[in-house]
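Colleague:
Numbering (this note's numbering), first residue to last: 137 to 208.
(1) Express the C-alpha separation of residue 162 and residue 169 in angstroms, rounding to a whole number.
(2) Under a Cβ-count criterion, where at least 16 other Cβ atoms within 10 Å of its own Cβ denotes burial, should residue 191 be classed as buried or exposed?
(3) Is residue 165 helix, strand or coil when you go by DSSP?
(4) Under the three-state reduction of DSSP, which class applies to residue 192: helix, strand or coil?
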């Protein structure tokens, strides 16, 4: 049976994409740790930023417009 397509507006689509990106970043971090390599710090920075963006979307947009990075 084929999957049903659920229509999403732009905001829902962006949230969904952000969640998918978080999953990919976590997978990359696990891959580095499994291989015994040092995990690049930019992966943790990306993860922090996306979590902040999902948790506080209004504050995130305001901070970006002011040129601040409160998630770091």
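Glycine included, C-beta positions come from ideal geometry on N, C-alpha and C.
Modeller: Put simply:
(1) Here residue 169 corresponds to residue number 33 of the chain shown, with the count starting at 1. Here residue 162 corresponds to residue number 26 of the chain shown, with the count starting at 1. One C-alpha to the other measures close to 11 angstroms.
(2) Numbered from its first residue, the chain shown carries residue 191 at position 55. The residue is exposed, with fewer than 16 neighbouring Cβ atoms inside 10 Å.
(3) Residue 165 sits at position 29 when you count from the first residue of the chain shown. Looking at residue 165 - three-state DSSP - the assignment turns out to be helix.
(4) By one-based count along the chain shown, residue 192 stands at place 56. In this structure, residue 192 counts as coil in the three-state DSSP scheme.
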